[in-house]
Structures are given as C-alpha cells and as structure tokens.
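Take a look at the structure below.
Protein chains in written order, with the numbering used here: chain A, 247 to 605; chain B, 18 to 189.
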C-alpha cells in the first residue's frame, strides 16, 4: 500500500473511532433530552448550554468512583466482562462504509476501515460475540440476579440472531454480494432496499432492538425482576463501559440499518450535486466535497435511527419473557423464511415480467 | 523469515497453548473461554489460508452460537461444587489413555496420508473466496449439500418434537 493511501486510511480509521465514541457519548445526552421532551420536562440543562457538558460530567463521576470488586467474584473474569463488551461493540464499525471515495494526489481511497468481501458476515460474527461480555460479567459477579440477567441475555441474543440472519439472506439474494460497500453502491439512484424489502426491514430492526438489549427487549436488565440484571454488582467505570457499549451498539446497528436498507451515503439527486461540485471546484476537490456531503447524509440517517431507538424506548413498555420468546421463534422466524421465499419468487418470476413490460 | 510465516508460528503457538489450557484449567468456565480462544486462533489460520468465508462462519457458528450454549449450560449446572469426586486418579488415567489413543491414531493417519505437492504457479487466491465456494457447493456438490441440509432439518424437527409439551402436561 502506498504511503498516501496508508495515511488517508489511518486518518479514516481514527476519525471513525473518535466519531463512534463521541456519538455514543452524546447519545446518552440525547437519550435524556428525548426522554425529557416526550415526558414534557426539560432534561439535563445545568452543565453547559442545554446540558451539553453533561456527558463529560457523567464520565468524570464514573472515573472517580471507587473501583469495587466483590469478594467472592472471579476477579479476572469480572474485569474481562466489561472489556469484552466494549471490544465487541467497537469491532463492528471497521467494515461500515461511511462514504464513497476520497481522492488525494491521484490516489483514490475508500472511506471504510476495511474493504472486505465478507463484510456483512463479519458484522454478524461480531454481533454474535457481543453476548460474551454480558455472560462473562454476569457469571463472574457471583450473584444470582446477575447470572439470571446474563442467561436471559444469552438466550435472547441467540434467538433473535436466527431471525436477523434469515432477514439478511433476502438482502443478500438481491445484492448477490456480502460486501457492505457493494451493497451500498448497488442502492445508488434511489434503489434503496427498503422499497424492495419492507418486511425484511421490520424483522431486522426488531431483531436489532433485541440484540442491543434495548426497550422493549431489555429483559437482561429488567429492574423490577432482577435488581439491575447482569451489571448489578458493577460500579464505577466498569459499569460505565457496559452502559457505553450499549450506546455504541446502538450507533453501529443504526449505521448498519442505514447501510443495508436506506442506501448508506446515497441520497436523491446526488449525481446532480456531484456534477455541480466537480464543475465548480475541479475534479479532485469537488469529488472530495461530494463524498463529505454523502458522509454527512449517512450520519444523518444513522442519527435518525438512534433517535428512533430512543423514541421507542420512551413509548413502548417492556415485554414479558415468554412474549419475547414467542415473538422471536414463532413469529419473526416464519416471517423471515416467508420473506426469503417471496424474494426468491419475485427475482425469478416478477422481475423478468416487469423488465419485459418496461422495455 | 517473512511476516506471514512468523505470524503462522505465533498463531500456531497460541492455538496449541489455548487448546492445552482447555484441558488443563480446573474451572469449566475457564475451559470454555479457552476453547473460544482456540476457535479464534483457528479462524486466524483460515484467514492466513485466504479462506475468509470459512473464518467468518467458524466464528459465527462455533464461537457465536455453540459455545454460548456450552457456557449457558455450564453456568446453570454450576459444576464447581461436585468437582472433588470427578477428579479421582482413575478418571485421570482413563482420560489420559483415551486422549493418547486418539493422538496416536491421528498421528498415524497423518503419517500415512499423502499430501499433494504444492505448486505456486497453480495457486489461485480466489479459491477460498465466497463466490468460488458458492459455485462449488451449488453446482458440483449440490446433492451432498442438500442431503446435509435435510439431515440438519430432521435433527431440528426431532429436537422440537422432544422438547414439545404433550397434551395434559403441566405448564410449570
């Protein structure tokens, strides 16, 4: 790899990392603001203008609290739990395409951590690993409530992974590629997958709520039944890591949703904007500015889905555990299989008919 | 030594170390976690062999699903209390004999097997990629592939039948 490409790639990865952390940090602020708005109160408004410094204050509080490890806990695994949760949460953003390409000095670099031809499988693998942080931490706490929370998290994640994978297969059948960059570039020109896969989208977003342990699927930390769930024994920054990992997961899954179903960095009229910019600013600068606009659009979509997560959290009450399992196994999985059959039939029979009719 | 060769030795060292730790650690939870680490290092080997699909599927299926269930069951059983009677000398000797026999069989099979010689000119970097794997599975090996899927389906239906609540049985 050339040095220029290497430098641009390094900067991209660093910016992606920092942005993920900053967005996760300000999601905690946004969550409380959204909660305040929905419940007709102010939300945080003391630290800084509009409470904007509240995340910093929270982080400071978390850092300076006593770092406590219970006497009967398994010490190493107790520390490994939150670290694993944080690690798996941050891993997934490596393959997300944040924008098209960046041109510099004759080189063209993709705005993506790793351009891999198994991108979506990688994300799926990392999501599947996400449960270890919770399980290890919950078991190592040596507390019945923590263990119950961990077990709930494990069974919930495994159950919803099946439906999630099946809903992804319909997308893969349409795009015939596992690379996220390829899936996004195929949605160019308003060909967003949401128009072809509305049912798959509903299944996918439901499953991603469950995978992130968000309301209405936050059974692992259901405080009316389990004190605090898997993080009952945690305090200080270790608790902070668990909570922070949840917000990072939320951002990553919002980004994945906008990549898979809402065209990623594509937006209506982007070709016109691209032509105007390259005509006005020259082919290199214009291209880069157009890419940056696409990236901003991508983040806008991802932020909307983060808002959607919060909106649902403050609107819908929590499910009961048997309802959760029934929804996962008896409704979502058959629906996802049905969606696969419909997609296959449509690509085989409907698509040739429509193309013949249009020509 | 070129980087990929030294990386191979490092990965192999990690693989063997974590595989040994699976059987040497006293706590079953630690054993499971070391087994997960072993799967990760094996995935690293697959990536070195340019088989990305196999690496990802290994992580998803083994580390992501099967080992979670292992951990799940072991956490429920809580084996820590009754580990004293399980660690008698007889069980240790029996384990050593069985493990040693398996090792001898595998080693003998390895010695007897003929590995086709490697030709760098014939090397195709795309052979482990998902496209060529899909072509192979759905064209050349379609019947074995479908039969394997039917076998899995039968096993799944059997598991559901076994777990099903019969009419009149108590609802906990």
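Even for Gly, the Cβ is constructed at its ideal location relative to N, Cα and C.
By the C-beta criterion, the segment 294 to 306 of chain A is judged not to be in contact with the segment 372 to 392 of chain A, since fewer than 3 inter-stretch pairs fall below 8 Å. By the rule that beta-carbons nearer than 8 Å mark a contact, residue 377 of chain A touches chain B. Chain A has a Cβ within less than 8 Å of the Cβ of residue 81 of chain B. Counting only the Cα atoms, residue 414 of chain A lies some 15 Å from residue 500 of chain A. For the pair residue 334 of chain A and residue 383 of chain A, the CB atoms are not nearer than the 8 Å cut-off. Contact between the segment 566 to 582 of chain A and the segment 391 to 410 of chain A is present: three or more C-beta pairs spanning the two stretches fall below 8 Å. Nearest in C-alpha terms to residue 448 of chain A, of all of A:508, A:268, A:281 and A:595, is A:508.
Residue 360 of chain A and residue 427 of chain A do not touch by the CB rule: their CB atoms are close to 10 Å apart, not below 8 Å. Just so you know, the alpha carbons of residue 307 of chain A and residue 394 of chain A end up roughly 28 Å apart. Within the segment 29 to 48 of chain B, contact with chain A at the beta-carbon level (separation under 7 Å) is assigned to 46. Chain A places no beta carbon closer than 8 Å to that of residue 122 of chain B, leaving this residue out of the contacts.
The beta-carbon distance between residue 454 of chain A and residue 503 of chain A, rounded to whole angstroms, is 7 Å. This is short enough to meet the 8 Å contact definition. When 7 Å is used as the limit between beta carbons, residue 370 of chain A is near these residues of chain B: 77, in chain order.
The beta carbons of residue 345 of chain A and residue 515 of chain A sit about 17 Å from each other, so the pair does not count as a contact at 8 Å. Bridge partners of residue 334 of chain A according to DSSP: none are assigned. Note that the C-beta distance between residue 544 of chain A and residue 510 of chain A is below 8 Å. In the three-state reduction of the DSSP assignment, residue 346 of chain A falls in the strand class, which pools E and B.
In the structure shown, residue 300 of chain A adopts helical secondary structure according to DSSP, grouped into three states. Cα atoms of residue 535 of chain A and residue 253 of chain A: separation of roughly 19 Å, rounded to the nearest angstrom. Residues of the same chain with a CB within less than 8 Å of the CB of residue 320 of chain A, apart from the 5 flanking positions on each side, are 385, 386 and 388 in chain order.
In the three-state reduction of the DSSP assignment, residue 424 of chain A falls in the coil class, being assigned neither a helical nor a strand state. Residue contact check for residue 111 of chain B against chain A: no CB pair falls below 8 Å. Under DSSP, residue 443 of chain A takes part in no beta bridge, so it has no partner.
Taking a cut-off of 8 Å on C-beta distances, the segment 53 to 69 of chain B touches the segment 21 to 37 of chain B, as three or more cross pairs fall below it. When DSSP reads this structure, residue 354 of chain A sits in a beta bridge with A:349. For residue 162 of chain B, the closest Cβ of chain A is not nearer than 8 Å.
Taking a Cβ-Cβ threshold of 8 Å, the residues of chain A close to residue 89 of chain B are 381, 397, 400 and 401, in chain order. Straight across, the Cα-Cα distance linking residue 583 of chain A with residue 452 of chain A is about 15 Å. Note on residue 464 of chain A: 16 or more other CB atoms within 10 angstroms of its CB, so buried under the neighbour-count rule. Neighbourhood of residue 364 of chain A in chain B, by CB distance below 7 Å: 69, 70, 73 and 147, in chain order.
Residue state for residue 316 of chain A is assigned as coil, using DSSP reduced to three classes. Taking the Cα positions, residue 260 of chain A is about 27 Å away from residue 459 of chain A. In the same chain as residue 55 of chain B, and ignoring 5 residues on each side of it, the C-beta atoms closer than 8 Å to its own belong to 32, 35, 36 and 39, in chain order. Taking C-beta atoms under 8 Å as the contact rule, residue 400 of chain A and residue 446 of chain A fail to qualify, at a distance of about 25 Å. A:277 is the residue among A:272, A:277, A:256 and A:288 whose C-alpha sits nearest the C-alpha of residue 558 of chain A.
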